[in-house]
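Q: Everything in the sequence shown is counted per the working numbering, starting at 42 for the first residue and increasing by one. One structure coming up, written as structure tokens, with questions to follow.
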Amino acid sequence: MKRLLLIALASLLLCVASLPVLAQEDATAAVVGDNNAFAFDLYREMAATTSDGFVFSPFSVSLALAMTYNGALDETAAQMASTMHFTLEKTALNRALADVTAQLLQAGNAEATEYEPERRLAIANALWGEQSFPFNADFLAQLEADYDAGLNLVDFIGAAEAARARINTWIEDNTNGLIRDIVPPGAVSELTRLALANAVYFKSNWIAQFEEDLTQDGLFTRLDGSTVSTAMMHQQARFLYLDEDGYQAVSLPYGGGIAMEIYLPDAGTFETFEQNFTPDGLLMLRGSAAYGPVILTLPRWKTQTDAPMTDLLQRMGMTLPFTGDADFSGMIDTSQTAERLAISRVLHKAFISVDEHGTEAAAATVVLMEATGAPRPQEPFVFTADRPFVYTIVDQTTGTILFMGRVLDPSQEA
């Protein structure tokens, strides 16, 4: 059941990332198309690596890695751009993502009216940086300006667990408590230099809600042909729908142009549908969709996914950024340190709950950057003056020796 329903959330988040910007300037439309292309690539990789249902937010992953991309140079940047479908140069990408984010927040937040329910959408970005590390000021300013991602100084070197707790608390606070402990124990260490994070939270009722007293147990057919009894919601209302050869689709609106789109392949064809499903098949882009009465039966469901994003991105071709040969010198004030940075992990969690009233969903992404060119923390040098020694008092600016002497027996006083 969960496997079939994963399409619903992917569609929801793609709708959120696309609907408000279809008529915007070319750069904004381009970044939406690029993000949706990445979403489908990532969906296919996730589908190939698990037999379970899943949920993820391609928009969250894109924002976190777009921030990271700002510090990447040369082949490292090229590999990230290829995997993420970043076709715009960095300045245009940043501005387009800022524009999309602003439009999403406007569409996704509204008070209840006679015709539409209350909607809440939150999108937040933040950075946590090692307090002793010299970051590139231009890099930080760019992320502050275009992503509203301020830098929080932490002590990764001396108090990594405390820093981890701060990141997790921020994620939890910005997802209404739905995403917890995204950074697991041991994920940050004395070598961590930067964490870049995004959080997305959405909650809204349906415009056309289901009546709870119409919900009753029904059979849901799994991929292997077996059936399971689950709570099935029922209603008849007018929706945008599509009846194509091989599948049906329906769009359930929340208001503000945001909707959940559900794609239902013909029985026995789910895997084929997944393999052939592309952004061009999205209901919102199809001129053949009709609007009319629909007898709708839909299960209630909840899904939570801890996606193996590091492995997934590497499978998609983004390998260099995770190695010691990565070039993220755009993040660094290279005049102050010889350290190099690489991505150590990309963490992603997502959650969705769908019932008669509406939907609540959340996701978060954290990119962890680690020092690769620095030596391991040095063992302390031991100096025990328990035998005769020579000493000086010196002006270190000029090199002038002001006093000089030796100690042969400190127990003897003058």
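Where a beta carbon is used, it is the ideal one built from N, C-alpha and C, also for glycine. Please read all numbers here as calculations on a predicted model, not as lab measurements.
(1) Quick check on DSSP: helix, strand or coil for F127?
(2) Quick check: the segment 304 to 315 against the segment 331 to 341, are at least 3 beta-carbon pairs closer than 8 Å?
(3) If you draw a straight line from the C-alpha of A105 to the C-alpha of V72, how long is it?
(4) Do M87 and F81 have their CB atoms nearer than 8 Å?
(5) Suppose the cutoff is 7 Å on Cβ atoms and the five residues either side in sequence are ignored; what does the same chain contact list for G309 look like?
(6) At which residues does the beta strand (DSSP E) containing W169 begin and terminate?
(7) Looking only at DSSP bridge pairs, what is N193 linked to?
(8) Could you check what DSSP says for I434 in three-state terms: helix, strand or coil?
(9) Using 8 Å as the cut-off, can you tell me whether the segment 210 to 226 makes contact with the segment 184 to 192, which would need three or more C-beta pairs spanning the two stretches below that distance?
(10) Unbroken alpha helix (DSSP H) runs of length 4 or more, entirely within the segment 223 to 307: which are they?
(11) Have a look at D254 and T364 and give me their C-alpha separation to the nearest angstrom.
(12) If I'm right that T406 touches V387 with Cβ under 8 Å, what's the distance once you round it to whole angstroms?
(13) Looking only at its chain, what residues have a beta carbon closer than 8 Å to the beta carbon of V62, apart from the 5 residues adjacent to it on each side?
(14) Can you pull the DSSP bridge partners for Y332?
(15) On a CA-only basis, which of E155, Q172, A118, A137 is nearest G358? Give me that one, please.
(16) Would A64 be called buried (16 or more neighbouring beta carbons within 10 Å of its own) or exposed?
(17) Would you mind sorting Y156 into buried or exposed? The rule is 16 or more other CB atoms within 10 Å of its CB.
(18) Quick one: does the C-beta of T216 sit closer than 7 Å to a heavy atom of the ligand FAD?
(19) How about A113 and M121: do their beta carbons lie closer than 8 Å?
(20) If you draw a straight line from the C-alpha of I303 to the C-alpha of A89, how long is it?
(21) In three-state DSSP terms, what is D82?
(22) Nearest CA to the CA of S376: which residue from D93, L339, A178?
(23) With H, G and I counted as helix, E and B as strand and the rest as coil, what does DSSP make of M410?
(24) Under a three-way DSSP split, which group does G112 fall into?
(25) Count the other CB atoms within 10 Å of the CB of T216; is the residue buried (16 or more) or exposed (fewer)?
(26) With A182 as the anchor, note down where its alpha helix (DSSP H) starts and where it stops.
(27) Can the beta-carbon of T248 be found less than 8 Å from the beta-carbon of V224?
(28) Are the CB atoms of M372 and F176 within a distance shorter than 8 Å?
(29) Between which two residues does the alpha helix (DSSP H) harbouring L354 extend?
(30) Looking only at its own chain, which residues have a Cβ that is under 6 Å from the Cβ of E109, when we skip the five neighbours before and after it?
(31) According to DSSP, simplified to helix, strand and coil, what is L219?
(32) In angstroms with no decimal places, state the Cα-to-Cα distance between P416 and D214.
(33) What do you get for L281, buried or exposed, if any count of 16 or more other CB atoms within 10 angstroms of its CB means buried?
(34) Terminal residues of the continuous alpha helix (DSSP H) containing I212?
(35) Assign L63 to one of three DSSP states: helix, strand, or coil.
(36) So, for F79: in the same chain, excluding its five sequence neighbours on each side, which residues have a beta-carbon less than 7 Å away from its beta-carbon?
A: Inspection of the coordinates gives the following:
(1) Three-state result, F127: coil.
(2) The segment 331 to 341 vs the segment 304 to 315: no contact.
(3) A105 and V72 have their C-alpha atoms spaced approximately 14 Å apart.
(4) No; because the gap between Cβ atoms is not below 8 Å, this pair is not in contact.
(5) Excluding positions up to five away in sequence, the list is empty.
(6) For W169, the uninterrupted beta strand (DSSP E) segment begins and ends at 160 to 171.
(7) DSSP, once it has assigned bridges, lists W169 as partnering N193.
(8) Reliability fails at I434, whose pLDDT of 42 lies under 50, so the model's placement of it is uncertain and the value that follows must be treated cautiously. Three-state DSSP puts I434 in a strand.
(9) No, because fewer than three Cβ pairs between the segment 210 to 226 and the segment 184 to 192 fall closer than 8 Å, the two stretches do not touch.
(10) For the segment 223 to 307, not one full-length alpha helix (DSSP H) segment reaches 4 residues or more.
(11) Straight-line measurement puts the Cα of T364 at about 56 Å from the Cα of D254.
(12) T406 to V387, Cβ: 7 Å. Contact.
(13) The predicted position of V62 is uncertain, since its pLDDT is 37 and thus under 50; no value can be drawn from it.
(14) Bridge partners of Y332: L281.
(15) Comparing C-alpha distances from G358 to each of E155, Q172, A118, A137 shows the shortest one belongs to A118.
(16) Low confidence applies to A64: its pLDDT is 35, below 50, so where it sits in the model is not reliable, and the reading given next is rough at best. With fewer than 16 other Cβ atoms within 10 Å, it is exposed.
(17) With fewer than 16 other Cβ atoms within 10 Å, it is exposed.
(18) Ligands displayed in this structure: none; no statement on the ligand FAD is therefore possible.
(19) A Cβ-Cβ contact shorter than 8 Å links A113 with M121.
(20) Cα to Cα, the separation comes out at about 20 Å.
(21) Of the three classes helix, strand and coil, the one that applies to D82 here is helix, per DSSP.
(22) Nearest option by C-alpha distance: A178.
(23) Note: M410 maps to strand in three-state DSSP.
(24) Reduced to three states, the DSSP call for G112 is coil.
(25) Within a 10 Å sphere around the beta-carbon of T216 sit 16 or more other beta-carbons, which makes this residue buried.
(26) Looking at the DSSP string, the run of the alpha helix (DSSP H) that includes A182 is 178 to 188.
(27) Contrary to the premise, residue 248 reads as Ile rather than Thr in this sequence. Not in contact: I248 and V224 (Cβ atoms no closer than 8 Å).
(28) A distance below 8 Å separates the beta carbons of F176 and M372.
(29) 350 to 356 is the span of the alpha helix (DSSP H), which, as asked, contains L354.
(30) Rather than Glu, the amino acid found at residue 109 in this sequence is Thr. Taken in chain order, the residues that qualify are L237, V408.
(31) Note: L219 maps to coil in three-state DSSP.
(32) Low confidence applies here, because P416 scores a pLDDT of 44, under 50, leaving its location unreliable; read the following figure in that light. Their Cα atoms are separated by approximately 36 Å.
(33) So L281 ends up on the buried side.
(34) It spans 201 to 214 - the alpha helix (DSSP H) in which I212 sits, taken as one unbroken run.
(35) Residue placement at L63 cannot be trusted, given a pLDDT of 35 that sits under 50; what the coordinates show is reported in the next sentence. Coil at L63, not helix or strand.
(36) Cβ within range, chain order: P99, S103, M125, H126.
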